[in-house]
Ligand SMILES: C[S@@+](CC[C@H](N)C(=O)[O-])C[C@H]1O[C@@H](n2cnc3c(N)ncnc32)[C@H](O)[C@@H]1O
């Protein structure tokens with residue numbers, strides 16, 4: 006019997022080839038503006054010209070492409086980490102220019118085991134729609150705090166649990182729970198994977214609990230912002 010964590014990674018392997026298309030259809034491209042804002046706000050805190058940016062749970066590499074767009078005037082070393090070989094294969098193709106220029110390294114690893122990153126070696130660490138899939142979140146936060154430099158910036162984008170009862174919140178919950186698995190299932194031909202999405206949001210932490218855990222691990226909050234009837238949340242925190 007595979008562990009829950011192994012099953013989650015296997016599921017991402019199974020949907021890797023249709024992931025980008027399904028993602029764009031389901032979010033209608035809105036996630037692009039959330040990702041861009043995350044990069045812009047984080048870079049306001051890191052004005053240096055020489056940066057190490059690590060994207061954890063990098064998947065097919067979208068966040069790294071955004072980081073690249075926003076740092077054209079800087080000397081940046083990019084690191085992408087994900088435990089799904091299927092997702093990383095797609096990333097390798099999308100990011101081949103950065104790989105050829107030796108500006109990017111991709112590694113197969115999990116957020117809670119970042120052995121390939123040295124202590125205090127990273128200026129910006131991002132994890133976009135990834136932390137929800139990490140079974141041992143506490144250990145992942147210990148690792149994020151370990152690898153970030155002092156005053157390093159942590160960027161989390163995530164679908165956090167929303168228990169508000171407002172009309173827009175309920176509409177958003179209806180979309181996520183009822184519509185999204187059907188559309189996601191049709192595009193990816195994997196209903197189970199897209200049923201996992203609302204289930205994993207339901208099982209995930211609320212923003213308040215996640216923030217509390219971050220503070221306990223030595224992070225100071227800079228931005229906590231929700232988008233689209235609280236569907237998505239951006240947290241930018243600074244390592245003290
Ligand atoms: C929803 S995708 C997000 C991918 C990408 N960050 C994006 O924004 O499109 C979630 C990713 O988390 C990865 N993942 C699953 N378990 C993980 C873990 N324990 N540590 C790090 N990444 C994990 C999956 O392989 C998958 O690529």
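Numbering (the numbering used here), first residue to last: 6 to 245.
Glycine is no exception: its CB is placed at the ideal position from the N, C-alpha and C atoms.
Just how far apart, CA to CA, sit residue i and residue j?
{"i": "residue 93", "j": "residue 239", "result": "24 Å"}
{"i": "residue 205", "j": "residue 135", "result": "11 Å"}
{"i": "residue 200", "j": "residue 23", "result": "16 Å"}
{"i": "residue 116", "j": "residue 171", "result": "34 Å"}
{"i": "residue 82", "j": "residue 58", "result": "6 Å"}
{"i": "residue 33", "j": "residue 211", "result": "25 Å"}
{"i": "residue 165", "j": "residue 143", "result": "16 Å"}
{"i": "residue 186", "j": "residue 127", "result": "36 Å"}
{"i": "residue 246", "j": "residue 182", "result": "Because the chain spans 6 through 245 in this model, residue 246 falls outside it and cannot be assessed."}
{"i": "residue 71", "j": "residue 169", "result": "31 Å"}
{"i": "residue 29", "j": "residue 243", "result": "30 Å"}
{"i": "residue 114", "j": "residue 31", "result": "27 Å"}
{"i": "residue 209", "j": "residue 137", "result": "6 Å"}
{"i": "residue 36", "j": "residue 89", "result": "22 Å"}
{"i": "residue 220", "j": "residue 74", "result": "30 Å"}
{"i": "residue 141", "j": "residue 230", "result": "24 Å"}
{"i": "residue 247", "j": "residue 52", "result": "Lying before the first or after the last residue shown, residue 247 is absent from the chain, which here runs from 6 to 245."}
{"i": "residue 202", "j": "residue 123", "result": "32 Å"}
{"i": "residue 119", "j": "residue 111", "result": "12 Å"}
{"i": "residue 108", "j": "residue 67", "result": "16 Å"}
{"i": "residue 38", "j": "residue 241", "result": "16 Å"}
Taking Cβ to Cβ, would you say residue i is nearer than 8 Å to residue j?
{"i": "residue 91", "j": "residue 60", "result": "no"}
{"i": "residue 27", "j": "residue 56", "result": "no"}
{"i": "residue 159", "j": "residue 224", "result": "yes"}
{"i": "residue 125", "j": "residue 154", "result": "yes"}
{"i": "residue 95", "j": "residue 21", "result": "yes"}
{"i": "residue 65", "j": "residue 102", "result": "no"}
{"i": "residue 54", "j": "residue 150", "result": "no"}
{"i": "residue 62", "j": "residue 87", "result": "yes"}
{"i": "residue 139", "j": "residue 145", "result": "yes"}
On the premise that residue j lies in contact with residue i, defined as a C-beta separation below 8 Å, what is that separation, rounded to the nearest angstrom?
{"i": "residue 227", "j": "residue 50", "result": "7 Å"}
{"i": "residue 130", "j": "residue 152", "result": "7 Å"}
{"i": "residue 69", "j": "residue 100", "result": "6 Å"}
{"i": "residue 104", "j": "residue 97", "result": "7 Å"}
{"i": "residue 174", "j": "residue 167", "result": "6 Å"}
Could you check whether the Cβ of residue i sits closer than 8 Å to any Cβ belonging to chain D?
{"i": "residue 80", "result": "Here chain D cannot be found, since the structure has a single protein chain."}
**Message:** Give the list of continuous beta strand (DSSP E) stretches no shorter than 3 residues that lie fully inside the stretch 150-180.
**Reply:** 153-163
Practice item. Spell out a yes or no on whether the stretch 210-226 and the stretch 185-194 are touching, meaning 3 or more CB-CB pairs, one atom from each, closer than 8 Å. Key: no
- Query: Does the stretch 10-25 come close enough to the stretch 39-46 that 3 or more CB-CB pairs lie under 8 Å?
  - Reply: no
Examine the Cβ distances between the stretch 170-184 and the stretch 231-238 and report whether three or more of them are shorter than 8 Å. yes
Open item on the list: For a minimum of 4 consecutive residues, which ranges assigned as the alpha helix (DSSP H) are wholly contained in the stretch 52-107?
Closed with: Scanning the stretch 52-107 for uninterrupted alpha helix (DSSP H) segments of 4 residues or longer gives 67-75, 90-99, 101-105, listed from N- to C-terminal end.
Pick out the complete beta strand (DSSP E) segments inside the stretch 170-233, 3 residues or longer, and give them in chain order. Within the stretch 170-233, the complete beta strand (DSSP E) runs of at least 3 residues are 224-232.
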